[in-house]
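Numbering-wise, the working numbering puts 30 at position 30 of the sequence shown, and it's gapless, one number per residue. Every residue gets a Cβ at the ideal spot worked out from N, C-alpha and C, and that includes glycine. Notes follow the structure.
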Amino acid sequence: MIEHQASDQQIAEMSANIKHVRERIAEAAHTAQREPSEVTLVAVSKTKPLEMIQIAYNLGIRHFGENRVQEALSKIEVFHPADLVWHMIGHLQTNKARKVVSTFDIVQSVDSLHLARALDRLLAEEATPRKAGRLPILLEVNVASEASKTGVTLTDIPDLARQVATLPHLEVRGLMTVAPQVEDLEEVRPFFRALREARDHLRDEILGPTCTELSMGMTNDYVIAIEEGATIVRIGRAIFGARAYT
Ligand SMILES: *Cc1c(COP(=O)(O)O)cnc(C)c1O
Numbered sequence: 001m002i003e004h005q006a007s008d009q010q011i012a013e014m015s016a017n018i019k020h021v022r023e024r025i026a027e028a029a030h031t032a033q034r035e036p037s038e039v040t041l042v043a044v045s046k047t048k049p050l051e052m053i054q055i056a057y058n059l060g061i062r063h064f065g066e067n068r069v070q071e072a073l074s075k076i077e078v079f080h081p082a083d084l085v086w087h088m089i090g091h092l093q094t095n096k097a098r099k100v101v102s103t104f105d106i107v108q109s110v111d112s113l114h115l116a117r118a119l120d121r122l123l124a125e126e127a128t129p130r131k132a133g134r135l136p137i138l139l140e141v142n143v144a145s146e147a148s149k150t151g152v153t154l155t156d157i158p159d160l161a162r163q164v165a166t167l168p169h170l171e172v173r174g175l176m177t178v179a180p181q182v183e184d185l186e187e188v189r190p191f192f193r194a195l196r197e198a199r200d201h202l203r204d205e206i207l208g209p210t211c212t213e214l215s216m217g218m219t220n221d222y223v224i225a226i227e228e229g230a231t232i233v234r235i236g237r238a239i240f241g242a243r244a245y246t
């Protein structure tokens, strides 16, 4: 897991990367006549060593995303300042859900009723209730219905949302997606737009005003995602550099 130790040069690079990403976020927000503060930057630290997370934290990053439970736990156990928010963004098996409810602050990758029920049941069993009450979650949407991806289809969102809304220990805050790989970046725009429309429908017709979040946009496509309404962008490579594996 440890790729390398942090050096002064790495700190300088990461500082420049974060500055660049924040500038592009601000530009994209302005293009869409939105405020940059409406967009939460989640730094995706998967495969990266704890030292790099600590550097990013010292450079002002407060939200981090991880996609593998074991790897994340080894980091969270050692590094959990009170103002740091850990996001689970990867496919989650129910047998690993217990650890997740006791360590992560938000689960972005709820892709089935089965998983939602497991999380809810585990939260009911937690000895110490969460400070915030319910566990915030996002429903993960397979926005282009790709065979290779988990997540619910756009059509299935309302049904899933209605059922998850009955679970007392979860709060659906919105939707998350990983957009398809495309040749021409503009091709992702309709998918982001479709996710925003799905979120609007959920908020206005099914879940109410707490359903605000739209987690979409990664290193390749976050500018377009913000133009289309993203409230959370999940950025790995543009902050931490290329990964040795995914
Ligand atoms: C890895 C990952 C990201 C970040 O991807 P980059 O291309 O490195 O920005 C975002 N979201 C999810 C779900 C991921 O697995």
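Asked, Found
"Would the beta-carbon of R234 be found less than 7 Å away from any heavy atom of ligand 3?", "As for ligand 3, it is missing from this structure, which binds only ligand 1."
"Quick one, which of E125, A56, V164 has its alpha-carbon nearest K19's?", "A56"
"Alpha carbon to alpha carbon, how far is S145 from R196?", "16 Å"
"Taking only beta-carbon positions, decide if R189 is within less than 8 Å of chain B.", "You won't find chain B in this structure, because it holds only one protein chain."
"Specify the secondary structure class of M218 as computed by DSSP and reduced to three states.", "coil"
"Using a threshold of 8 Å, state whether the C-beta atoms of I157 and A118 are closer than that.", "no"
"Using beta-carbon positions only, say whether I137 and L170 come within less than 8 Å of one another.", "yes"
"Looking at E187: is its Cβ nearer than 8 Å to the Cβ of A32?", "no"
"Quick check on this structure: which residue in K149, K96, V110, S37 has the alpha carbon closest to the alpha carbon of Q70?", "K96"
"Enumerate, from N- to C-terminal direction, the unbroken beta strand (DSSP E) stretches of 3 or more residues contained entirely within the segment 160-230.", "170-177, 213-215"
"Going by the beta-carbon positions, is the gap between A165 and D221 smaller than 8 Å?", "no"
"What do you get for R173, buried or exposed, if any count of 16 or more other CB atoms within 10 angstroms of its CB means buried?", "buried"
"Using three-state DSSP, classify P36 as helix, strand or coil.", "helix"
"Leaving out the 5 sequence neighbours to the left and right, which residues in its chain are closer than 8 Å to I61 when beta-carbon positions are compared?", "I18, L41, A43, I239"
"Can you tell which of L139, E66, R203, L113 has its C-alpha closest to the C-alpha of T103?", "E66"
"Specify, as a first and last residue, the run of the beta strand (DSSP E) that S109 falls within.", "106-110"
"Measure how close the beta-carbons of S109 and M176 come, nearest whole angstrom, since I'm counting them as under 8 Å.", "7 Å"
"Check whether the Cβ of A238 lies closer than 7 Å to any heavy atom of ligand 1, and answer yes or no.", "yes"
"Taking a contact to mean a Cβ-Cβ separation below 8 Å, would you say G236 touches T219 in this structure?", "yes"
"I think A124 touches L154, with their Cβ atoms under 8 Å apart; what is that distance to the nearest whole Å?", "So it is not a contact: roughly 30 Å between Cβ atoms."
"Do L73 and T94 have their beta-carbon atoms positioned less than 8 Å apart in this structure?", "no"
"Can you say whether H80 is buried or exposed, counting buried as having 16 or more other CB atoms within 10 angstroms of its CB?", "exposed"
"Closer than 7 Å: is that where the CB of I89 sits relative to any heavy atom of ligand 1?", "yes"
"Hey, would you say T231 sits closer than 8 Å to V39, going by beta carbons?", "yes"
"Specify the secondary structure class of P49 as computed by DSSP and reduced to three states.", "coil"
"Inspect the beta-carbon positions of K75 and I106 and report whether they are closer than 8 Å.", "no"
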